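Trainee: Following our numbering, the residues of the sequence shown are numbered contiguously, the last one being 747. Backbone N, C-alpha and C fix where the C-beta goes; we use that ideal spot for every residue, glycine too. Computed from a predicted model, the values in this text were never measured in an experiment. For reference, the structure I am asking about is given below.
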Amino acid sequence: MAACAIVLGSAGTIKAQVTLQSNNVDEVLKAMTLEEKAMLVVGGPAQRVPGAAGATREIERLGIPASILTDGPAGVRINPKRENDENTYYCTGFPVGTALACTWNTALVEDVGKCIGNEVLEYGCDVLLAPGMNIHRSPLCGRNFEYYSEDPLVTGKIAAAYVRGVQSQGVGTSVKHFAANSQETNRMNVNELMSQRALREIYLKGFEIAVRDAAPWTVMSSYNRINGPFTQESRELLTTILRDEWGFDGIVMTDWTGLRNTAAQIQAGNDLMEPGEDAQIKDIINKVQSGALAEADLDICVKRILQYIVKTPAFRGYKYSNTPDLKAHAEVTRRSATEGMVLLKNEGAVLPMGNAKTVSVFGITSYDFVAGGSGSGDVNKAYTIDLMQGLTEAGLKVNSKLANVYQSYKAYQTSLTAAAPPRRGWFWGKAVLPEVAVSRPVIDVQAQESDLAIITLGRQAGEGTDRHEDGDFTLTEIERQLITDVCNAFHLANKPVVVVLNMGNVMETTSWKAMPDAILLAWQPGQEGGYSVADVLTGKADPSGKLTMTWPNNLIDLPSSANFPNVRPAASRDVTKHAEGIDVGYRYFCTSKKPVSYPFGFGLSYTTFAYSKPVVKATKEGLTASITITNTGLRAGKEVVELYVSAPAGGLVKPACELKAFAKTRELQPKESQTLTMNLSLYDLASYNESTQAWETASGKYTFSFGASVEDIRATAPYHLSKPYTVKCHDVMKPNMPL
Ligand code: BGC
Numbered sequence: 009m010a011a012c013a014i015v016l017g018s019a020g021t022i023k024a025q026v027t028l029q030s031n032n033v034d035e036v037l038k039a040m041t042l043e044e045k046a047m048l049v050v051g052g053p054a055q056r057v058p059g060a061a062g063a064t065r066e067i068e069r070l071g072i073p074a075s076i077l078t079d080g081p082a083g084v085r086i087n088p089k090r091e092n093d094e095n096t097y098y099c100t101g102f103p104v105g106t107a108l109a110c111t112w113n114t115a116l117v118e119d120v121g122k123c124i125g126n127e128v129l130e131y132g133c134d135v136l137l138a139p140g141m142n143i144h145r146s147p148l149c150g151r152n153f154e155y156y157s158e159d160p161l162v163t164g165k166i167a168a169a170y171v172r173g174v175q176s177q178g179v180g181t182s183v184k185h186f187a188a189n190s191q192e193t194n195r196m197n198v199n200e201l202m203s204q205r206a207l208r209e210i211y212l213k214g215f216e217i218a219v220r221d222a223a224p225w226t227v228m229s230s231y232n233r234i235n236g237p238f239t240q241e242s243r244e245l246l247t248t249i250l251r252d253e254w255g256f257d258g259i260v261m262t263d264w265t266g267l268r269n270t271a272a273q274i275q276a277g278n279d280l281m282e283p284g285e286d287a288q289i290k291d292i293i294n295k296v297q298s299g300a301l302a303e304a305d306l307d308i309c310v311k312r313i314l315q316y317i318v319k320t321p322a323f324r325g326y327k328y329s330n331t332p333d334l335k336a337h338a339e340v341t342r343r344s345a346t347e348g349m350v351l352l353k354n355e356g357a358v359l360p361m362g363n364a365k366t367v368s369v370f371g372i373t374s375y376d377f378v379a380g381g382s383g384s385g386d387v388n389k390a391y392t393i394d395l396m397q398g399l400t401e402a403g404l405k406v407n408s409k410l411a412n413v414y415q416s417y418k419a420y421q422t423s424l425t426a427a428a429p430p431r432r433g434w435f436w437g438k439a440v441l442p443e444v445a446v447s448r449p450v451i452d453v454q455a456q457e458s459d460l461a462i463i464t465l466g467r468q469a470g471e472g473t474d475r476h477e478d479g480d481f482t483l484t485e486i487e488r489q490l491i492t493d494v495c496n497a498f499h500l501a502n503k504p505v506v507v508v509l510n511m512g513n514v515m516e517t518t519s520w521k522a523m524p525d526a527i528l529l530a531w532q533p534g535q536e537g538g539y540s541v542a543d544v545l546t547g548k549a550d551p552s553g554k555l556t557m558t559w560p561n562n563l564i565d566l567p568s569s570a571n572f573p574n575v576r577p578a579a580s581r582d583v584t585k586h587a588e589g590i591d592v593g594y595r596y597f598c599t600s601k602k603p604v605s606y607p608f609g610f611g612l613s614y615t616t617f618a619y620s621k622p623v624v625k626a627t628k629e630g631l632t633a634s635i636t637i638t639n640t641g642l643r644a645g646k647e648v649v650e651l652y653v654s655a656p657a658g659g660l661v662k663p664a665c666e667l668k669a670f671a672k673t674r675e676l677q678p679k680e681s682q683t684l685t686m687n688l689s690l691y692d693l694a695s696y697n698e699s700t701q702a703w704e705t706a707s708g709k710y711t712f713s714f715g716a717s718v719e720d721i722r723a724t725a726p727y728h729l730s731k732p733y734t735v736k737c738h739d740v741m742k743p744n745m746p747l
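As structure tokens, then:
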């Protein structure tokens, strides 16, 4: 480190010049002028990597490099082409978050994270703005595809695996959006009003798990308010809970907000303001000079940013190649997509269909597959394999007369879009083409010429808007007619119909699911999607995904619908009351025993599994629960085991059961067994008591239920806890108005 110059600070103080090293953060902080400190907490343009979302600013004098922040979460999002440059910079489009979570396979998610982390590194970026961890409070949230589940444990464990994978490559993550950003409507201003218990147990728990298990480098605060303040201005959230209670030691950055109260953010512990405007720098300087902001508070944020910078590849001077191994990553995305697919129905075991079949492929989305959602979660990938390509590669014969009709329709629709590009622009991704009606005589011919029909239904959604009920959550009239006519025609000819759902979110199935023989939920499966679907349909891969959210009969069955803007449009847009508290998803349905279309944790396989008698016993750290799973069917497959716990009566009122652990077998051959062991701490069993402001695990008799879904419990074991367990917390983030 060389002290080779001096600089005059704004207050006229003389500042020595040092160069940032990994061990001299305090010295550099001392050497910084007020202007430099203000610059470091305000983001700037991502010059080094076109298309990246943002950056921290370079301060050359002190050897502080710019660090580059890029979206996330389904892969790296940068511009694929650059001016005067013949090279391309495509990134791998992985399955969306929901699909990854439905694998329930943390090792696989970690592998996906490693590939994405490698692309972050090799494309010259430092932090991936992912994973998205908000809770699926309503199927109408436009961004659910980026998120994992209605359940915080699944969310936290999958996110932790993803963070570990990405960060193993020497780059950072930004777990987002902290917190309670479960709707897009009025996301910049809405006050998410909820009890302290619901906040702690449902909306913060996943973040807590990810922070404690995987130490993400950064956290992104959300656009919305919670119980009054904006999250980025809430010291109770960003310091008391995140840092003091959970031990987070990285930096917090804003979402891409723009101008808000700079002093409040710094005092709250929001270290970095993105995307960053010069006006914010001036404002911070003025506030320090006028005494409205203590320089010591600014110093805390600056020091944390310096500690972050010294971890980055930019600081290490990493020589990135711009040529990550996209071929190898394509193989991982293909494999992870198949494992996240959920087989919802398979009557008469029509699937797997083998590959010696002639298939009629209906539905425009079959020919224009949706790899991922829109907005900042959309990846600029080199290609998307559609279902047609997937089926053809798998050796199936696709009826070309029908395929040609759809291809012409697609060309027509594409030319219309080219003539009048949608007003919402490139940011909003590729829309699903409108479905086209197919007349019954055409379908009748197909039923004669083919062995089987596939109908793909597609949906697209993303950042900035929530979904709608009619024709989005529900079928459109054309889709309903298509399913009805294809099922009638093919069933008359004694031939099966398979529906493939190519979407990132939940839809209504109750009114039509009786018609087709099989339903495969393919999600938005990334760039290799068509191959992955064909792998499952033909039986090359066994479906082993399970739902990480409830599929309700109706929207109105969900307690959140009473207070979700797109279900109750008349409700206030300024406040979203979480009147349902912790009754989110299966917690509500399993307690109220209200029927659903497909329950949380559900998913079929091509094989069957037996569950042994389980063992639950105390350990020094808490307890372990073990069970042996045996493949009792005729094909190889993997099973997800879900451990639900029911608490003793008399303590806090709790849901009838709650997921407390899960595990997945390796691929088991017929007759093969594997013992799964799940470790739990007493803290894992706790609920939040608002009257004592503590996490409490009551003593008494617990029931441990081992399920193939929340409604399909295969084995139970009692457990007696003799002493209660308590962890005291701070009484913070109280609702600022009546619920
Ligand atoms: C999104 C974030 C994203 C950021 C940068 C925001 O609008 O909410 O998820 O990381 O933009 O693109």
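Could you check the C-alpha separation between D279 and W254 for me, to the nearest Å?
Mentor: What you label residue 279 is simply residue 271 of the sequence shown in a count that begins at 1. What you label residue 254 is simply residue 246 of the sequence shown in a count that begins at 1. The straight-line gap from Cα to Cα measures roughly 17 Å.
Trainee: Run the CB neighbour count on A11, radius 10 Å, all protein chains shown included, and call it buried at 16 or more, exposed below.
Mentor: Taking the first residue of the sequence shown as position 1, residue 11 is located at position 3. Note that A11 scores 37 on pLDDT, short of 50, meaning its location in the model is unreliable; the coordinates nonetheless yield the value given after this. Looking at its Cβ environment, which holds fewer than 16 other Cβ atoms inside 10 Å, A11 is exposed.
Trainee: Could you tell me how far apart the beta carbons of W112 and V648 are, in whole angstroms, since I believe they sit closer than 8 Å?
Mentor: Here the question's residue 112 lines up with position 104 in the sequence shown. Here the question's residue 648 lines up with position 640 in the sequence shown. W112 to V648, Cβ: 4 Å. Contact.
Trainee: Relative to the ligand BGC, what is the chain-ordered list of residues with a Cβ closer than 5 Å to any of its non-hydrogen atoms?
Mentor: A61, D79, L137, D263, W264 and S384
Trainee: Do the CB positions of L201 and L747 come within less than 9 Å of each other?
Mentor: Against the sequence shown, residue 201 aligns to sequence position 193. Against the sequence shown, residue 747 aligns to sequence position 739. In this structure, L747 lies closer than 9 Å to L201 by Cβ.
Trainee: Taking the C-alpha atoms as reference points, what is the distance between I14 and M40?
Mentor: For this step, residue 14 is matched to residue 6 along the sequence shown. For this step, residue 40 is matched to residue 32 along the sequence shown. Interpretation of I14 is limited by its pLDDT of 49, a score under 50 that renders its predicted location unreliable; the figure taken from the coordinates is listed afterwards. I14 and M40: Cα-Cα distance of roughly 11 Å.
Trainee: Using a Cβ-Cβ cutoff of less than 6 Å, which residues in the same chain neighbour R342 once the five nearest sequence positions on both sides are dropped?
Mentor: Counting from one through the sequence shown, the residue named residue 342 turns up at place 334. Listed in chain order, the non-local C-beta contacts of R342 below 6 Å within the same chain comprise E536, Y539 and S540, local neighbours out to five positions each way being set aside.
Trainee: How long is the line joining the alpha carbons of V740 and A570, rounded to whole angstroms?
Mentor: On the sequence shown, residue 740 is found 732 positions in, with the first residue counted as 1. On the sequence shown, residue 570 is found 562 positions in, with the first residue counted as 1. Taking the straight line joining both Cα atoms gives about 26 Å.
Trainee: CB E650 to CB A716, shorter than 9 Å?
Mentor: On the sequence shown, residue 650 is found 642 positions in, with the first residue counted as 1. On the sequence shown, residue 716 is found 708 positions in, with the first residue counted as 1. In this structure, A716 lies closer than 9 Å to E650 by Cβ.
Trainee: Does A10 come out as helix, strand or coil in the three-state DSSP assignment?
Mentor: The count along the sequence shown starts at 1 and reaches residue 10 at position 2. Note on A10: pLDDT 36, under 50, position unreliable in the model; the coordinate value appears next. In the structure shown, A10 sits in coil (DSSP, three-state: anything other than H, G, I, E or B).
Trainee: Got a sec? Which residues, its chain only, sit under 7 Å from R243 by beta carbon, not counting five neighbours each side?
Mentor: Locating residue 243 in the sequence shown gives position 235, where the first residue counts as 1. Q275, A276 and G277, listed in sequence order.
Trainee: Report, in whole angstroms, the separation of the C-beta atoms of G80 and A168, which I expect to be a contact under 8 Å.
Mentor: If you number the sequence shown from 1, residue 80 lands on position 72. If you number the sequence shown from 1, residue 168 lands on position 160. G80 to A168, Cβ: 16 Å. No contact.
Trainee: What's the gap between the Cα of V57 and the Cα of D452?
Mentor: One-based indexing of the sequence shown puts residue 57 at position 49. One-based indexing of the sequence shown puts residue 452 at position 444. Distance between the alpha carbons of V57 and D452: 54 Å.
Trainee: In whole angstroms, what separates the C-alpha of T96 from that of N388?
Mentor: The sequence position of residue 96 within the sequence shown is 88, counting from 1. The sequence position of residue 388 within the sequence shown is 380, counting from 1. Looking at the two C-alpha atoms, the distance is approximately 11 Å.
Trainee: With C-beta atoms as the reference, is C149 less than 9 Å away from E209?
Mentor: In the sequence shown, the residue the question calls residue 149 occupies position 141. In the sequence shown, the residue the question calls residue 209 occupies position 201. For C149 and E209, no; Cβs fall outside 9 Å.
Trainee: So, with DSSP's three-state summary, where would you put Y156?
Mentor: Numbered from 1 along the sequence shown, position 148 holds the residue referred to as residue 156. DSSP places Y156 in coil when its eight states are reduced to three.
Trainee: Who are S408's beta bridge partners in DSSP?
Mentor: In the sequence shown, the residue the question calls residue 408 occupies position 400. DSSP, once it has assigned bridges, lists no residue as partnering S408.
Trainee: Smallest Cα separation from R251: which of F215, I166 and I527?
Mentor: Position 243 of the sequence shown, counting from 1, holds the residue named residue 251. Residue F215 is the option with its Cα nearest to R251.
Trainee: How about K365 and L460: do their beta carbons lie closer than 9 Å?
Mentor: Within the sequence shown, the letter at position 357 stands for residue 365. Within the sequence shown, the letter at position 452 stands for residue 460. Yes, the Cβ-Cβ distance between K365 and L460 is below 9 Å.
Trainee: Report all residues from its chain with a CB closer than 6 Å to the CB of V623; omit the five preceding and five following residues, and keep chain order.
Mentor: Within the sequence shown, the letter at position 615 stands for residue 623. Excluding sequence neighbours, V623 sits near S634.
Trainee: Just verifying my parser: in three-state terms, what is the DSSP assignment at T425?
Mentor: The residue given as residue 425 occupies position 417 in the sequence shown. Helix, per DSSP.
Trainee: So is V735 buried or exposed if we call it buried at 16+ other beta carbons inside 10 Å?
Mentor: As a working mapping, residue 735 is identified with position 727 in the sequence shown. So V735 ends up on the exposed side.
Trainee: Do the segment 576–596 and the segment 615–630 make contact, defined as three or more Cβ pairs closer than 8 Å?
Mentor: no
Trainee: Where does Q489 sit, in a helix, a strand or coil, going by DSSP?
Mentor: Indexing the sequence shown from 1 puts residue 489 at position 481. DSSP places Q489 in helix when its eight states are reduced to three.
Trainee: Tell me, please, whether the CB atom of R233 is closer than 9 Å to any CB atom in chain C?
Mentor: In the displayed structure, chain C is absent; only one protein chain is listed.
Trainee: Would you identify the three-state DSSP class for H728, choosing helix, strand or coil?
Mentor: The count along the sequence shown starts at 1 and reaches residue 728 at position 720. Note: H728 maps to strand in three-state DSSP.
Trainee: Measure the beta-carbon distance from V174 to V128 and round it to whole angstroms, keeping in mind my assumption that it falls under 8 Å.
Mentor: Within the sequence shown, numbered from 1, the residue matching residue 174 stands at position 166. Within the sequence shown, numbered from 1, the residue matching residue 128 stands at position 120. Their Cβ separation, rounded to whole angstroms, is 7 Å, which keeps V174 and V128 in contact under 8 Å.
Trainee: For E666, collect the residues of the same chain with a Cβ closer than 7 Å to its Cβ; drop the 5 residues on either side in sequence, then sort them by chain order.
Mentor: Locating residue 666 in the sequence shown gives position 658, where the first residue counts as 1. Cβ within range, chain order: R595, Y652 and V653.
Trainee: Does the Cβ-Cβ distance between A206 and G589 come in under 9 Å?
Mentor: As a first step, residue 206 must be located in the sequence shown, where it is residue number 198. As a first step, residue 589 must be located in the sequence shown, where it is residue number 581. Taking 9 Å as the Cβ cut-off, A206 and G589 qualify as a contacting pair.
Trainee: In whole angstroms, what separates the C-alpha of F766 from that of R195?
Mentor: The requested residue 766 is not part of the displayed model; the chain covers only 9 to 747.
Trainee: Would you be able to state if there are at least three C-beta pairs under 8 Å between the segment 319–326 and the segment 77–93?
Mentor: no
Trainee: Note down, in chain order, each residue of its chain lying with its Cβ closer than 7 Å to the Cβ of A218, except the 5 sequence neighbours on either side.
Mentor: To locate residue 218, count along the sequence shown from 1; it is residue 210. The answer, listed in chain order, is M141, G164, A167, A168, V171, V183 and P224.
Trainee: Just to confirm my understanding: we take I721, look at its own chain, exclude 5 residues before and 5 after, and list those with CB closer than 8 Å. What are they?
Mentor: Within the sequence shown, numbered from 1, the residue matching residue 721 stands at position 713. So the list reads Y652, S713, F714 and G715, once near-sequence residues are dropped.
Trainee: Please look up how many angstroms separate the CB atoms of A530 and N510, rounded, as I've assumed it's under 8 Å.
Mentor: The count along the sequence shown starts at 1 and reaches residue 530 at position 522. The count along the sequence shown starts at 1 and reaches residue 510 at position 502. Right, their Cβ atoms sit about 5 Å apart.
Trainee: Where D591 and V49 are concerned, what is the direct C-alpha to C-alpha distance, given to the nearest angstrom?
Mentor: Looking up residue 591 in the sequence shown gives position 583. Looking up residue 49 in the sequence shown gives position 41. Those two C-alpha atoms are separated by around 39 Å.
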